[in-house]
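One structure is given here, and the rest of the page talks about it.
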Amino acid sequence: MAQLAEQGVQVAQYGGQVQCELISALKGTNVDSLLEKVQLEAYLLELTANPDRYGGGTVVESRLDKGRGVVATVLVQNGTLEEGDTYVVGMTSGRVRAMFNERDERVKVAEPSTPVQVLGLSDAPDVGDRLVVLEDERQARDIAAQRQQLLREQTLHQRRHVTLADLSRRIKLEGITNLTVVVTADV
47 MAQLAEQGVQ VAQYGGQVQC ELISALKGTN VDSLLEKVQL EAYLLELTAN PDRYGGGTVV
107 ESRLDKGRGV VATVLVQNGT LEEGDTYVVG MTSGRVRAMF NERDERVKVA EPSTPVQVLG
167 LSDAPDVGDR LVVLEDERQA RDIAAQRQQL LREQTLHQRR HVTLADLSRR IKLEGITNLT
227 VVVTADV
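Take 47 as the starting number for the sequence shown in my numbering and just add one per residue.
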């Protein structure tokens, strides 16, 4: 708690506003008390998600599974994610082919604050990418194509080669006195 206070987080035990509970995941102590505090805080702050809209969530993990293909663990944060929904996540788009819960049981619907493993991705998304459900599959493909085009343009601009004219101009403008040179050779 002292380390939290050093970072500017004042816990309730020290007169602050942030709830704190000492738990042990290995022994299972105080986990139920932590859950009660989380529920109380969510109730007091009126934190709710609307389950009656298109789903959206964040990718927590993604991997390539031998039998299933690309699998992404997604935490549904708003709306409802259903099998067959069209989505865009990162640079890819597609349809939710299947979903599994944390016990590896197949689920058809995932409501807010539900973690699910989503199958049906063509490429592994990055951790933190947003999964957004869209109404139209064509719109999802267009968004994914635009994102891929932007990435290609950004990488093309980063790979700009330095010419002698550019180097000479920079030396005159910036007054560079040292020039680091890397020479590669096979002999």
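Ideal placement from N, C-alpha and C gives every residue a C-beta, glycine not left out.
Exercise. On the three-state DSSP scale, how would you describe Ala88?
Worked result: helix
Exercise. From Asn76 to Pro161, what distance separates their C-alpha atoms?
Worked result: 23 Å
Problem set entry | Contact set for Asp172: own chain, Cβ-Cβ below 8 Å, skip 5 residues either direction | Val105, Ser108 and Gly136
Exercise. Roughly how many angstroms separate the alpha carbons of Gly166 and Arg198, rounded to a whole number?
Worked result: 24 Å
Exercise. How about Asp131 and Val179: do their beta carbons lie closer than 8 Å?
Worked result: yes
Exercise. How would you call Tyr60, buried or exposed, if buried means at least 16 neighbouring beta carbons within 10 angstroms?
Worked result: Looking at its Cβ environment, which holds fewer than 16 other Cβ atoms inside 10 Å, Tyr60 is exposed.
Exercise. When the cut-off is 8 Å and only beta carbons count, does Leu93 lie next to chain C?
Worked result: You won't find chain C in this structure, because it holds only one protein chain.
Exercise. For the beta strand (DSSP E) that Gln123 lies in, which residues bound it at each end?
Worked result: Gly115 to Asn124
Problem set entry | CB of Val164 within 8 Å of CB of Val233, strictly | no
Problem set entry | Backbone secondary structure at Ser214 - three-state DSSP | Here Ser214 sits in helix by DSSP.
Exercise. When the distance is taken between beta carbons, is Leu196 closer than 8 Å to Ala156?
Worked result: Taking 8 Å as the Cβ cut-off, Ala156 and Leu196 do not qualify as a contacting pair.
For this session: Check the DSSP bridge columns for Gly103 and list the partner residues they point to.
Result: Val122 and Leu177
Exercise. Which runs of the alpha helix (DSSP H) fall wholly inside the segment 182 to 213 and span at least 4 residues, in chain order?
Worked result: 183 to 204
Exercise. Less than 8 Å separating the beta-carbons of Ala58 and Gln49?
Worked result: No, these two residues do not count as a Cβ contact at 8 Å.
For this session: Mind listing, in chain order, the continuous beta strand (DSSP E) runs of no fewer than 3 residues lying wholly within the segment 146 to 175?
Result: If we require 3 residues or more, the beta strand (DSSP E) runs fully inside the segment 146 to 175 come out as 160 to 167.
Exercise. Between Ala186 and Tyr133, which are expected to be in contact by the criterion C-beta below 8 Å, what is the C-beta distance as a whole number of angstroms?
Worked result: Confirmed, about 6 Å.
For this session: Output the distance between the C-alpha atoms of Asp111 and Arg215, rounded to the nearest integer angstrom.
Result: Cα to Cα, the separation comes out at about 52 Å.
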